[in-house]
Amino acid sequence: MMLKRTVVPEELDSLGPDDPSAIRSRRDLQRVHRAMATCSVLTRELGALVGQRAAQASPLRVLELGAGDASLMLRVARSLKPQWPQVRLTLLDQVDLLDAKTRAAYAKLGWEATPMTMDALEWASEQTVQIDLERGEQPAWDLIVANLFLHHFEADNLKRLLAAIACRCSAFVACEPRRSRLALAASHCVGALGACSVTRSDAVTSVRAGFCDGELSALWATEPGAWALTERRAACFGHCFTARRVGAAAG
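Numbering of the sequence shown is given in this note's numbering, commencing with residue 204 and proceeding in unit increments.
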């Protein structure tokens, strides 16, 4: 029997950025990402969406929604370095957590990392203009990425957010918790990774708000045939959704 999707606030989101429990939980998330093989999943999906980047090509324009401290995307950047030598990365989050050390690590890879402090739904509410590819118009971003982020939203707000994403990029990839009994059972065991109480609680909450089957594809409300969509299980506990604008190269 399929688990019903339930969205409730996560404890980490109620804590200030300098709260010791928040700092501990962000460190825990790095362990959770390793357990979910998130970096490998994102690296594979992003590489497939964008392909090889010529050294002389213009910088790839990438936006990460809900970027947090940007540590996961930095691991992905290191994996993609041979294919993507130049990237302009914008990191959107309600709080700017990009520190000087992480910014410098991006710069060493040829990635220019810039924070954008904004609520994602406010970003989605900004006026957008439909682009006409046949007239040579280009979206604001070559690629938008969301990692363990979409599951925070109820269906109505999620649909709004996805509609804004579709208007502003050539390709989109999201890696989310998979809503399954296996993932739910595993979420009760994150304490074995040394996770704190905030992370232990949020892990269960995240899985209950996660996705399965074609739920994200059903919310991607665009003209039929305008986008190529894929949605599938990612490793044991993840759920991956990708969208690529038909007839457009992501960079």
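Just so it is clear, CB atoms sit at the ideal spot from N, CA and C, and this is done for glycine as well.
Problem set entry | From 402, 410 and 376, residue whose alpha carbon lies closest to that of residue 388 | The residue with the shortest Cα to Cα distance from residue 388 is 410.
For this session: Taking only the alpha-carbon atoms, compute the straight-line gap between residue 403 and residue 445 and give it to the nearest angstrom.
Result: 28 Å
Exercise. Between which two residues does the beta strand (DSSP E) containing residue 423 stretch?
Worked result: Looking at the DSSP string, residue 423 is not in any beta strand (DSSP E), and its letter there is neither H nor E.
Problem set entry | Sub-9 Å separation of residue 442 and residue 397 beta-carbons | no
Exercise. Straight-line CA distance for residue 295 to residue 231?
Worked result: 21 Å
Exercise. Considering only residues of the same chain and omitting the five flanking positions on each side of residue 379, which have a CB-CB separation below 6 Å?
Worked result: 353, 354, 413, 414 and 442
Exercise. Using CA coordinates, which residue listed in 245, 297, 306 and 384 is at the minimum distance from residue 291?
Worked result: 306
Problem set entry | Where the beta strand (DSSP E) through residue 296 begins and ends | Counting along the chain, the beta strand (DSSP E) containing residue 296 begins and ends at 290–296.
Exercise. Looking at the unbroken beta strand (DSSP E) that takes in residue 437, where does it start and where does it end?
Worked result: Where residue 437 is concerned, the enclosing beta strand (DSSP E) stretches over 430–437.
Problem set entry | 8 Å contact criterion, which residue 265 and residue 344 should meet: CB distance rounded | 7 Å
Exercise. Taking C-beta to C-beta, are residue 263 and residue 287 nearer than 9 Å?
Worked result: Yes, they are a contact pair.
Exercise. Taking Cβ positions, are residue 301 and residue 270 nearer each other than 9 Å?
Worked result: yes
Exercise. Between the C-alpha atoms of residue 227 and residue 399, what's the straight-line distance to the nearest angstrom?
Worked result: 7 Å
Problem set entry | Three-state secondary structure assigned by DSSP to residue 259 | Caution is warranted here: a pLDDT of 49 is assigned to residue 259, below 50, making its placement in the model unreliable, and the coordinate value is therefore given only provisionally. Coil, per DSSP.
Exercise. Can you name the start and end residues of the alpha helix (DSSP H) that residue 239 belongs to?
Worked result: Boundaries of the alpha helix (DSSP H) harbouring residue 239: 223–239, taken from the DSSP string.
Problem set entry | Sequence-distant residues of the same chain with beta carbon closer than 6 Å to residue 257, five excluded per side | Reliability fails at residue 257, whose pLDDT of 49 lies under 50, so the model's placement of it is uncertain and the value that follows must be treated cautiously. For residue 257, where only same-chain residues beyond five positions count, there are no Cβ hits under 6 Å.
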